[in-house]
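Asks:
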Amino acid sequence: MDKVVTAEQALADITDGASIAVGGFGLCGIPMALISELHRRGVGGLKVVSNNCGIDDWGLGLLLGDRRIVRMTSSYVGENKEFARQYLSGELEVELCPQGTLAERLRAGGCGIPAFYTPAGVGSQIGDGGLPWRYAEDGSVAVASPPKEKRTFRDRDYLLEEAISTDFALVYATVGDRDGNLVFDKTTQNFNPLCAMAGTVTVAQVERLVEPGEIAPENVHLPGVFVQHVVHAPGVEKRIEKRTVTRPTTETVR
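The numbering of the sequence shown is my numbering, which starts it at 1234 and goes up by one.
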């Protein structure tokens, strides 16, 4: 089954209020062509699950800046000033989740596992509740996280975490075939396969499109059973989140 379509065709069914899992870590491995198309379409009221929310002018930050996102489930938000402003002013609801827990919640959603126990967050507001999800205009907490169920296994406490599944997932892969089998290059793998698993309808942006059979079975990182649409998008701009340089020196390293 040939799953290759245009970005416009692939995202046509995403409407206001949809929940979407989006792959990437910082600006590494983000499906920018799909995000740009979603931004162009003007869809709003989105509930997004992603490790972070891009930066102020790139990635999911484009949607956030135009008030298209109403809720984020993330583990890290430190590179986006507009994100912080919207959250602290009560314009955006945010569920912060430990990074490993977020990854496992997405994987569990894709595997049909409704919930699991983890030690991450025990003894903190993650487990006890009270973590601010939404602030009021006066700075008070309007919506707080509920306490999580806790159980003890082998003398250690664990929290019950529910799986995440979403209406759609947008992911990026370096190589994909027409059947939807995907290969991720190095750290671009990050959250992409997990988000792809969690989406009811998954759209994969691929940099290089190949024919079925060209990817050896043992080299497939994510099988096509998790992917409904493939969008071939070569040459999409890639940005570096932070550039670090070393000052030149004439000193000899001893």
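Where is the CB? At the ideal position from N, CA and C, for every residue including glycine.
Report back the beta-carbon spacing between residue 1431 and residue 1460 to the nearest angstrom; my notes put them in contact at under 8 angstroms.
Replies: Contact doesn't hold; Cβ gap of about 12 angstroms is too wide.
Asks: Between 1407, 1457, 1433, which has its C-alpha nearest residue 1467's C-alpha?
Replies: That would be 1407, whose Cα lies nearest to the Cα of residue 1467.
Asks: When we look at the beta-carbon of residue 1390 and count the other beta-carbons within 10 Å, is it buried (16 or more) or exposed?
Replies: Looking at its Cβ environment, which holds fewer than 16 other Cβ atoms inside 10 Å, residue 1390 is exposed.
Asks: Report the start-end ranges of each beta strand (DSSP E) in the region 1325-1353 that is 3 residues or longer and not cut off at the edges.
Replies: For the region 1325-1353, whole beta strand (DSSP E) runs of length 3 or above, ordered along the chain, are 1326-1329, 1348-1351.
Asks: Under 8 angstroms, with one C-beta from each stretch per pair, do the region 1337-1344 and the region 1381-1390 reach the 3-pair mark?
Replies: No: fewer than three Cβ pairs fall under 8 angstroms.
Asks: Please report the distance separating the alpha-carbon of residue 1439 from that of residue 1280.
Replies: The straight-line gap from Cα to Cα measures roughly 24 angstroms.
Asks: For the structure I just gave you, are there three or more beta carbon pairs, one from the region 1280-1300 and one from the region 1241-1260, closer than 8 angstroms?
Replies: The region 1280-1300 vs the region 1241-1260: in contact.
Asks: What are the start and end residues of each continuous alpha helix (DSSP H) run of 4 or more residues lying completely inside the region 1249-1282, in chain order?
Replies: Here the runs fully enclosed are 1265-1274.
Asks: For residue 1394, which three-state DSSP category applies?
Replies: In this structure, residue 1394 counts as strand in the three-state DSSP scheme.
Asks: Check whether the Cβ atoms of residue 1369 and residue 1375 lie closer than 8 angstroms to each other.
Replies: In contact: residue 1369 and residue 1375 (Cβ atoms closer than 8 angstroms).
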